[in-house]
Structures are given as C-alpha cells and as structure tokens.
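Okay, structure first, notes after.
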Amino acid sequence: MGSHLSPTETTCYLTADMFYLEVLLLPGGEVEDVKLAQHGEAPVSSESLLQLLKSKKFEEFSVKLKGLSSLYNIPGDNETKIKVYTALQFLGKDLQKISHLPRALREYNLQVDMILNGRIGYLLAGSEGIPMTIQYYISPSDILLMSDSERCSVGQLALVTVGPTDCTHKLQMASVIPQPPQLDAQGLPLFSPLCEVLSGMMPACFQLKLQPPLPMLSSFVEKLSQITDVAIADTDLQWAPFPQLMMTLLRENGGDKTWDGQDAHFLVPLPGREMHSYVLPGAAWEEAALRGALVSTIPFTHPAHVPALLELLRHQCAINTLLASCITSHRPSPGPVCDLYCEVLPESGSSLSVTFHLSDSDSLSVLLVNVADSQKLTCSLFAVRSEDQSMDEYVSRVLKRCMSIPVTMRALNRRLSKRTCGEPLPACSSTVSTADGSPASPPLPMSCEADSQKRDCPGLESIGIPTTPSTAAMFSQDAMGPDATPMEAESAFCLSVTEVNTNPTVNPYPSASVCVYSHWMHNNHLPEFI
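My numbering numbers the first residue of the sequence shown as 682 and each following residue consecutively.
Encoded structure:
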C-alpha cells in the first residue's frame, strides 16, 4: 500500500489499487477518525479501525487491511478486478433478496430458524474486509449455550468470496432476480438467464469458504460439483476414512485419539454417573465409499447454487453431529463398567446402525438411523418384544431434538427396560412429586413460561446456563411435543421426571441441575454435572 500526508498534515492516506483509507489526525498526533473508501464508494467512518489505531494495535490493524486486500485477490489488471468486485457485490445483493423472501417458520427462535431452515441461512452483511457471512448449521447444544455476544460466531459458517481460477467463468454484472420476484414451487425466485442480463467472462468464480472446514463423504463432494458444474480440485482434498477426519477435529479441540485403522473404542459419560461404550469397527469404516475429505472451499458461479449447496452442507452436518456425539477423548480402561455397550456401523452414506445389548436380555437389538436430510431423521428399532411403531416415532423425535446418539440410546434403553420389566410408561406431567406423593413446587424448567424473567427456572443458572426466554421455550411442553415424557422427552437432554430421586432429605429437583445438556457435557468431556 502507498501512503502520504495531506498538505496540511491533518490526514494520512493509505492507498491500494481498489480501496483507500483516510486517517484524520488531531494537532497532537492522536487519531480522530478513520474512513474507508472501497472502489466506487464514498469514504465511510470505520469505528473498528479507529479503535485499533487508538489502542495502538497495529498488528490487528494490518490483518484488517489484509482482509480488505483479499477481496480483490484476482490476477489481472484493475479493470478485471473491478469487474470481479462488481460481480461479488451483485451476488451479495441477490442473496439478500432471497433471504428476505417469505416462508413459514419452524423454530421458536428467529435466528435459529434462519440458520437451520433459511434458504440462505442467517446472512451477515460484509464490512471492513470481512466478506458476507452465512451461518448455515448449528447443533442443539450450541443453540442452548449460545449467548448474545457470540450469536453470530457459533456453528458452521461460510464466507462468500471470490477466487481465481485456471479457466474463465461467466459471472453476473447485474441482479439476476427480476422485480417483483416470481417464485417456484419451492419458494425460490425464478432467475433471469445470464445471457439476458449484464454479465462477463472472468478468470474467477464465487466461493463459499467454510469455517471450520467440513468433513464430507465422497458422495457428498460429488453432489457439490453436480450442483455447480464446477469441480473441486482433487489436489485440494486429502481423502481418509471418515472417522479419521472426525477424530482429527477432536484432536484440534484438545483430544488425543487417532485412527489407526483398527476398531475405535470410545467412552461417553452421561449425567447420573452413567457411562456408555461405543465401538466403530475399523473394517466397516475403511470401505472406499465411506472415505471423505475436509472441504474448505466450494466454488460456484450463480446465486441459484447457494440454497442447494447449503441444504447439502446441512445434511452432511447432521450426519457429522450424530457421529461426533459418539467420539470423545475418553479411552477405555479395565476399571469402569459401562451401563450400555454399543457398536456403530455405517449402512450407507446417510444411514448408520447402533447395535446394543440390554442387561436383562439374551439377544442383541439394533437401532437403524436414517438421515434423509438435516430435518428428516428417522429411527427403526429391531428388538425382541418391541414391534410398537410408537417406539420408532418416540426415538426419532428424541434423536432429532438432541442430535446425540448417546442421549438417544439412554432414553431408548430406559424405555425398553421399563417395558421388559412390565412397568407402565410414565404419563405426561410437568411437575415432580415428592416422597409423600404431593406435587413439588416450584415447577421444573420445562414448565417455565416464556416470560421467564417473572418466574425463574430452578437449576439452570446454578450450572452457568442463563435463564432466558429461549432456554425456557426450549424446555416448554409445546417445544417437546404433545405426548412427551417430562425431562426424558424430545429434548432428550434431561433425566426422566419419574426417575428423579424424590427423597425429601435431598434436593427435590436434581433433574433441574443434571438434566441440562448431557450433549454439552460429553462434548466438554466432563464426567458429571453435580
């Protein structure tokens, strides 16, 4: 970058080919204001750049400038860079138009609904060198632990950028969504062909840069290219057995387990000192069709590609979330005796089976999990004396609610144990009974009203989970389902109310302390809550 002072020495200019900064100085040399002018735009004050200079954080200031420069990281002359930047600007505007199209809400929280179900996810406009960002997936545990300060940084993100290519691609130089937009049967706009709007051939294409990189099965990587007609360079992909990719991410987050091609054995701790054992047989997961790669960049050329790409990414994220719930840093040892032993086998690219053994049964049982897409998860139970279709529906709701195989297996194991023993299944109730049979008060979190500022949910604050309308709504009976069992219901993060120790000499609400987020607990490798 070039730099020079104004004749009055009150403004310092930092200049690049496609943008410049104005740093306004006070007589004593202090920084008064910083203005950023990108190509073709008027200078605009930048509070973040101003604070970095005032705080003398020059390295962070340089990183910001590097981010700005990367927006124009296209080989060629200034005219080519201007065209590419213009194409990126119109792409961003069209993505915003798509995100604003009306649709039915599925989740209680608007941002969560946009992330999980929005055609373009939750869209964050780019600014000051940070490209437009899309939040496209978030797990249930992240939802419940998401604070206002990190609302836009949790889950899976994709940065909308451009990058150079070896061949030229036709990119838009104007909006491809006519006004007013006309929608198809899926609620997506009908796009104008590129030949009918201003466009140009450029040595670049649009990119979704995934943060963090996403482990993807080979079949899903092929589908990416089928959507965009732009192949992901094989040199950018390092293929490996899929559990190895998942364990690579675990090591990056502090785990020490590696994949050696043999059976991988993990212990998953759950509340109430319960422990599960999960084995991923090496031979089954070594098949060529189940190999995958860490994908960090997805090239595309048209805004119509983005909704389909995001649906595919969400599908893969749902599979990854389920598999990751079985992978922990806990190693098996001779001492611990597990409450449930499970073997996780791949059945296809989008389904797996969990084989397990009940302590009071002589036969094995199998739970088949099918992930048709990120919203359609179904379970089929194959077990002796269990042919009730309502059990499949129950387990499917539990799995979809918690996205955790261990938590689901815990709920299933308890239900099957009750049926084997001939115990009646617990009826729906939103209260806990004390030892003498009278209702306990105050109510448990799932009976909290949305206006939880007026009535606190006991136990949530005590373990560091803020009581908010969002967390209260997550535990409400409506959110759980009409026939949900309290605290063992579709949230599946909780202990069953009917199994809570109600001895009056101990805490009558232990579930209010231990129910919260077994998934959060084993993700953080904690043996128990209390």
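Where is the CB? At the ideal position from N, CA and C, for every residue including glycine.
The segment 778 to 797 makes contact with the segment 860 to 879: 3 or more CB pairs, one atom from each, lie closer than 8 Å.
Collapsing the DSSP output to three states places D714 in a strand. According to the DSSP secondary-structure assignment, L864 is paired through a beta bridge with P870. Check the Cα spacing between L734 and each of V987, S1031, V712 and P922: the tightest is with V712. Proximity to S1042 across N1094, I815 and P893 peaks at N1094, based on C-alpha coordinates. Straight through space, the alpha carbons of I979 and Q888 are spaced by roughly 5 Å.
Using a C-beta cut-off of 8 Å, the segment 1079 to 1090 makes contact with the segment 1001 to 1015, since at least three inter-stretch Cβ pairs fall below that distance.
Setting aside the 5 residues that flank it on each side, L971 is surrounded in the same chain by F923 and P1027, each with a C-beta closer than 6 Å to its C-beta; the list follows chain order. Under the three-state reduction of DSSP, Q777 is assigned to helix. Each residue's CA atom was taken as its position, placing R800 and L1039 some 43 Å apart. Annotated three-state conformation of L734 is helix, per DSSP.
For the pair G709 and L686, the Cα-to-Cα distance works out to about 15 Å. In the three-state DSSP reduction, I1008 falls in the coil class, being neither helix nor strand. In its chain, beyond the 5 residues on either side, I819, D823 and M827 have a beta carbon closer than 7 Å to the beta carbon of V835.
For V793, the enclosing alpha helix (DSSP H) covers residues L791 to N798.
Partner residues in the beta bridge of V1047, as assigned by DSSP, are T1036 and F1063.
Here V902 really is in contact with V976; their C-beta atoms are around 6 Å apart, less than 8 Å. Between the alpha carbons of E955 and R1096 lies a gap of roughly 16 Å. Per DSSP, V902 is one residue of the alpha helix (DSSP H) stretching across S899 to T909. Checking the DSSP bridge columns, you'll see R972 partnered with P922.
Across the structure, M897 and L991 are spaced so that their CA atoms are roughly 13 Å apart. Contact between the segment 810 to 817 and the segment 833 to 848 is present: 3 or more CB-CB pairs across the two stretches fall below 8 Å.
A residue is called buried once 16 or more other Cβ atoms fall within 10 Å of its Cβ, and V843 is buried on that count.
Shown here, L786 sits in coil according to DSSP, grouped into three states, outside any helix or strand. Each residue's CA atom was taken as its position, placing R1082 and E877 some 45 Å apart. In the three-state scheme derived from DSSP, where H, G and I count as helix and E and B as strand, I824 is classed as helix. Shown here, G748 sits in a helix according to DSSP, grouped into three states. For the pair K1057 and L705, the Cα-to-Cα distance works out to about 55 Å. Boundaries cannot be given for A914, as no alpha helix (DSSP H) includes it and DSSP labels it neither H nor E. Contact between the segment 1013 to 1025 and the segment 957 to 970 is present: three or more C-beta pairs spanning the two stretches fall below 8 Å. Across the structure, V1025 and L776 are spaced so that their CA atoms are roughly 39 Å apart.
Between F742 and Q719 the beta-carbon gap is near 17 Å, outside 8 Å, which marks them as no contact. When the five nearest sequence neighbours on each side are left out, the beta carbons in the same chain lying within less than 7 Å of the beta carbon of S1077 are those of L1058, T1059 and C1060, in order along the chain. With fewer than 16 other Cβ atoms from the protein chains shown falling within 10 Å of its own Cβ, K747 counts as exposed. Beta-bridge pairing by DSSP links V1052 to L1058.
In this model, M854 and K904 are separated by some 27 Å (Cα to Cα).
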